[in-house]
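K.L.:
Numbering (the numbering used here), first residue to last: 127 to 303.
A virtual CB, placed ideally from N, CA and C, is assigned to each residue, including glycine.
The structure under discussion is supplied below as structure tokens; questions concerning it will follow.
Written out as structure tokens, the structure is:
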């Protein structure tokens, strides 16, 4: 029997203007998604703001909940989900994340895509442009962990809760995790 590894999908609502807009369109309480390989969420991977003030300075980020952004938005609510994966899937996911880290300057936050995705179901894929949910869905698919029933460009936060065998392990304030 192969050993299983745990990964974590974190769904959040920060209260920013962007997160309120996304929540308005999706009608789901969480608007942001991140991925972590460690149970303490010391390092989360996502697409979002690179700093705590300018929402247009955004792209691939890795941060902990003790980062400047979450210190500013310290009332961020979240749900943390745990998913068991095989060693092969885990290693494939690590390779995908390493690729993003090595090429961080290539990646941009897809502001245009964020605005248009709720009006157009068949958005074109722009290379190196992601929003948080697209990023998490994309790396889960590329690593063989989960294939969504819709294009990764259309995945929203609630879709992660429907992954088979995913377990909610926490819900509350991120700072209290």
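Go to residue 297, then tell me how far its beta strand (DSSP E) extends in each direction, as first and last residue.
P.N.:
Within the chain shown, numbered from 1, the residue matching residue 297 stands at position 171. Segment 293 to 299, the beta strand (DSSP E) holding residue 297.
K.L.:
Here's the rule: buried if 16 or more other CB atoms are within 10 angstroms of the residue's CB, otherwise exposed. What is residue 295?
P.N.:
For this step, residue 295 is matched to residue 169 along the chain shown. Residue 295 is exposed by the Cβ-count criterion.
K.L.:
Can you grab the Cα-Cα spacing for the pair residue 300 / residue 224, in whole Å?
P.N.:
For the purposes of this step, residue 300 is identified with residue 174 of the chain shown, where counting begins at 1. For the purposes of this step, residue 224 is identified with residue 98 of the chain shown, where counting begins at 1. Near 25 Å, if we compare the C-alpha coordinates of residue 224 and residue 300.
K.L.:
Quick check on the DSSP output: the beta strand (DSSP E) that includes residue 159 runs from which residue to which?
P.N.:
On the chain shown, residue 159 is found 33 positions in, with the first residue counted as 1. It spans 158 to 162 - the beta strand (DSSP E) in which residue 159 sits, taken as one unbroken run.
K.L.:
Are the CB atoms of residue 191 and residue 202 nearer to each other than 9 Å?
P.N.:
In the chain shown, residue 191 corresponds to position 65, counting from 1. In the chain shown, residue 202 corresponds to position 76, counting from 1. Contact flag set, yes.
K.L.:
Residue 234 bridges to which residues according to DSSP?
P.N.:
Locating residue 234 in the chain shown gives position 108, where the first residue counts as 1. Paired residue(s): 255.
K.L.:
Taking only runs that begin and end inside the region 194 to 229, name each unbroken beta strand (DSSP E) of 3 or more residues, in chain order.
P.N.:
Complete beta strand (DSSP E) runs here, min 3: 203 to 212.
K.L.:
Cβ atoms of residue 268 and residue 218: under 9 Å apart, would you say?
P.N.:
Within the chain shown, residue 218 is the residue found at index 92, counting from 1. Within the chain shown, residue 268 is the residue found at index 142, counting from 1. Yes, Cβ-Cβ distance for residue 218 and residue 268 is below 9 Å.
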